[in-house]
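In UniProt numbering, the protein residues as written are 1 to 378.
Please read the structure below before turning to the comments.
Structure below.
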């Protein structure tokens, strides 16, 4: 009899421990009717993978309850309604946002409530009449579903624009073919842009040449009228001769630069300077000058450069042609003459070409100085 009583007490104690543990579990999870809850229904417009009864409900990241029921809508097969029980006092309002958070390595879903403005009406839910909260259409999509939806959207765009894409790819192929055929030209263009911007290798200095004026023996001034003050103006010419380059003129009148050499100055300024030097070397250093402010002139030589280039009618020659007019102090042209001298070029060597130009220019100056003396002397 005593043995039977002992087993009875042990069994009753075990049942009491189990009941206490169950009650403690219900109390710790705030469920089972042992605590008061606020009930809401959450409507999802699409599937929510892994959501089940007992899933956690959070508000601003804090656990406030759990899912108590899940139901499908026969009238809308794509939607899902979840009933949630959360702690009273949770500030659920009409504009509270609903999302799905995936927790842990296994990605266990939890309903996440957040936000809401102070001006929005607060919702109080009861078990018999729970308010309805609506989730956004994309709520519930995991990364895999989102990636799949994005790929499907991209595929639709590609299908709708297949013809346009085909044409674009064809145009791109044509453009790349043109680039491939003109690679050399693009290299030149890029090199030119680099040079224009001041980059690239340093340019090699170009050789500079000057006309050599013959040092003549001063001739005695002619008897009769003395030479007055002669001013030699800068020659006029066409734009093609306003350069430092050595020019060649073809039979049909085409001008082309020759080699890399340059004259010491532009052709008009160079001719003016060498004309002054030629008159000075003929003993007229006190009578001739370039235009200077304050100098009173009695005569002025007006020169027009008609030609100063290499010509090749029969053989290459240095061709110098100057049209000169003599003007008095009243501004009247009293005389004029054309001086035209050609000297054959011995070879294509630059120094030989320059020597031929110097010889032609000096011969023209000898004739010009003699003509000027005679014209002024009368």
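We put the CB at the ideal spot given by N, CA and C, even for glycine.
The C-beta separation of residue 110 from residue 58 comes to about 6 Å, placing the pair in contact by the 8 Å criterion.
The DSSP-derived three-state label of residue 348 is coil. Take residue 114, set aside five residues on each side of it, and the residues of its chain with a beta-carbon closer than 6 Å to its own are 60 and 97, in chain order. With fewer than three CB-CB distances shorter than 8 Å, the stretch 262 to 269 does not count as touching the stretch 282 to 299. 8 Å or more divides the Cβ of residue 257 from the Cβ of residue 249. For residue 268, the enclosing alpha helix (DSSP H) covers residues 267 to 279. Residue 276 and residue 291 have their C-alpha atoms some 11 Å from each other. Rounded to the nearest whole angstrom, the C-alpha separation of residue 230 and residue 331 is 13 Å.
The beta carbon of residue 92 sits closer than 6 Å to those of 123, all from its chain and outside the five residues before and after it, given in chain order.
Judged by DSSP in its simplified three-state form, residue 323 adopts strand.
In this structure the stretch 68 to 80 does not lie against the stretch 162 to 178, because fewer than three pairs of beta carbons, one per stretch, are closer than 8 Å.
Only exposed fits residue 95, as fewer than 16 other CB atoms lie within 10 angstroms of its CB. In this structure, DSSP gives residue 155 a helical state, which the three-state scheme calls helix. For residue 204, there is no enclosing beta strand (DSSP E), since its DSSP letter is neither H nor E.
One alpha carbon belongs to residue 132, the other to residue 65, and they sit about 16 Å apart.
Between the alpha carbons of residue 307 and residue 334 lies a distance of about 24 Å. Note on geometry: alpha-carbon atoms of residue 364 and residue 340 lie some 7 Å from one another. C-alpha of residue 179 to C-alpha of residue 169: approximately 15 Å in a straight line. Per DSSP, residue 9 has no beta bridge partner at all. Approximately 7 Å separates the beta-carbon atoms of residue 318 and residue 353; this is inside 8 Å, confirming the contact. Relative to the Cα of residue 36, the nearest Cα in the group 81, 76 and 88 belongs to 88.
Using a 10 angstroms sphere on the CB of residue 107, the tally of other CB atoms stays under 16, which defines it as exposed. Counting along the chain, residue 112 sits inside no alpha helix (DSSP H); it lies in the beta strand (DSSP E) bounded by residues 108 to 114.
Contact annotation: residue 207 and residue 350 have beta-carbon atoms nearer than 8 Å.
Taking each of 20, 7, 228 and 55 in turn and checking the Cα distance to residue 374, the smallest one comes out for 228. Nearest Cα to residue 348 within the set 361, 315 and 369: 315. Between the alpha carbons of residue 43 and residue 56 lies a gap of roughly 16 Å. Counting C-beta atoms within 10 angstroms of its own C-beta, residue 39 has 16 or more neighbours from the protein chains shown and is therefore classed as buried.
Shown here, residue 289 sits in a strand according to DSSP, grouped into three states. Distance from the CA atom of residue 274 to the CA atom of residue 211, rounded to whole angstroms, is 7 Å.
CA-to-CA, the gap between residue 46 and residue 101 works out to about 15 Å. Beta-carbon to beta-carbon, residue 301 and residue 324 are separated by about 6 Å, close enough to satisfy the 8 Å threshold. Counting along the chain, residue 248 sits inside the beta strand (DSSP E) bounded by residues 245 to 249. Counting along the chain, residue 307 sits inside the beta strand (DSSP E) bounded by residues 299 to 311. For residue 123, the secondary structure class from DSSP, reduced to helix, strand or coil, is coil.
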